[in-house]
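Below is one structure, written out as structure tokens; comments come after it.
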Amino acid sequence: MSPRTLAALVPLFALAACTAPASNSPASEPTPRAKVRDPVEYVRAPGTHLRLGAARPGYSVEVRSHGPGYDHRSRISVVGEDATAWQVELEEPIYAGKVMGLLVRKRDGRILRALLGEPGSVGREVEVPTPAAASAEASDGVDEELTIAIGVFAARKVVQEGIASWFGREGELQDVLLKVDDPAQGPCELERMPEPDLVDVGDEAVRTLRFTYSNGDTYWDTEHPVVKALRPFGFGGRGRLRAVRMEPLRNTTEVVGIERERRPALRWP
Numbered sequence: 055m056s057p058r059t060l061a062a063l064v065p066l067f068a069l070a071a072c073t074a075p076a077s078n079s080p081a082s083e084p085t086p087r088a089k090v091r092d093p094v095e096y097v098r099a100p101g102t103h104l105r106l107g108a109a110r111p112g113y114s115v116e117v118r119s120h121g122p123g124y125d126h127r128s129r130i131s132v133v134g135e136d137a138t139a140w141q142v143e144l145e146e147p148i149y150a151g152k153v154m155g156l157l158v159r160k161r162d163g164r165i166l167r168a169l170l171g172e173p174g175s176v177g178r179e180v181e182v183p184t185p186a187a188a189s190a191e192a193s194d195g196v197d198e199e200l201t202i203a204i205g206v207f208a209a210r211k212v213v214q215e216g217i218a219s220w221f222g223r224e225g226e227l228q229d230v231l232l233k234v235d236d237p238a239q240g241p242c243e244l245e246r247m248p249e250p251d252l253v254d255v256g257d258e259a260v261r262t263l264r265f266t267y268s269n270g271d272t273y274w275d276t277e278h279p280v281v282k283a284l285r286p287f288g289f290g291g292r293g294r295l296r297a298v299r300m301e302p303l304r305n306t307t308e309v310v311g312i313e314r315e316r317r318p319a320l321r322w323p
């Protein structure tokens, strides 16, 4: 719940000199190629639940995550529904070009079924994890008054796995993380009141509120209906558009594409 959260270069000619057979040695046998595993063999659903907001078929967001040594993109799309469940498709680098389809129960976000396949295919069934027992340390939260450097606020304190977090309960700070006290990393709190900001996503300028924290982390939240419905950051009921975190190294996660008419990639059975 905290708001915080790398190659030796070997010259090719040297590598060749080290591995080439001597002139009086028989030619080396070809090295057999390692078998490339199908992601279906090891990938499973990303969790037991996927909680969506007021989603509609066609809603889709593309997310870019980048920092030192990595830069990858993912996507979440709602591509169909019936009275009780959403058909959701996920695209992630770990899927190696395949698409994951999830059947998600509307009333509680429970993932009922997961498929993985090439675009245009039906896909193959993959495992959905079994829900774990709730942590004995988790609390439902206690309402209290919180004092931080920028003021005094109505808050709800939640403790989980030894980490205490306080969330706002009123106005523009409703459900906003106000403070976290992590024994391993120390305390961190909201450094200033939320500031209006415009963030360009493709051709669309999205209205946001910017939240800056004492450890340098910055978050941009929005009421944009697609972002708020799909919750690509998995952050409660808020529509998070962008996050810049400073620890352990500066890294950015941001929505870079928003669609309202995304078509299914899989052939749903």
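For the sequence shown, our numbering begins at 55 and goes up steadily by one.
By construction, the Cβ of each residue, glycine as well, lies at the ideal position given by its N, Cα and C atoms.
Bear in mind that the values here come from a model prediction, so they are computed numbers and not experimental data.
Residue 243 holds the alpha-carbon nearest to the alpha-carbon of residue 272 among 243, 146 and 145. Measuring C-alpha to C-alpha distances from residue 265 to each of 281, 256, 277 and 250 identifies 250 as the nearest. Apart from sequence neighbours up to five positions away, the residues of its chain that approach residue 287 with a beta-carbon distance below 6 angstroms are 294, ordered along the chain. Taking every protein chain shown into account, the CB of residue 176 has fewer than 16 other CB atoms within 10 angstroms, so this residue is exposed.
Within its own chain, the residues whose Cβ lies closer than 7 angstroms to the Cβ of residue 109, once the five positions on either side in sequence are excluded, are 132, 140, 283 and 284, listed in chain order. Going by DSSP, residue 241 is part of the beta strand (DSSP E) stretching over 240-243. When Cβ pairs closer than 8 angstroms are counted between the two stretches, the region 102-117 is seen to touch the region 157-169, the count reaching three or more. According to DSSP, residue 306 shares a beta bridge with 120 and 298.
No alpha helix (DSSP H) of 4 residues or more sits fully in the region 183-228.
Residue pairing by DSSP places residue 137 opposite no residue, since no beta bridge is assigned to it. Check the Cα spacing between residue 313 and each of 101, 95, 117 and 152: the tightest is with 117. In its chain, beyond the 5 residues on either side, 222 have a beta carbon closer than 7 angstroms to the beta carbon of residue 228. Residue 147 and residue 124 have their C-alpha atoms spaced approximately 11 angstroms apart. Assignment of beta-bridge partners to residue 233 by DSSP yields 220 and 243.
One thing to note: residue 93 has its Cβ within 8 angstroms of the Cβ of residue 150.
The shortest C-alpha to C-alpha distance from residue 126 to any of 179, 111, 145 and 198 is the one to 145. With 16 or more neighbouring CB atoms inside 10 Å of its own CB, residue 143 falls in the buried class.
Beta bridge pairing from DSSP links residue 262 with 251. The Cβ-Cβ distance between residue 232 and residue 202 falls below 8 angstroms.
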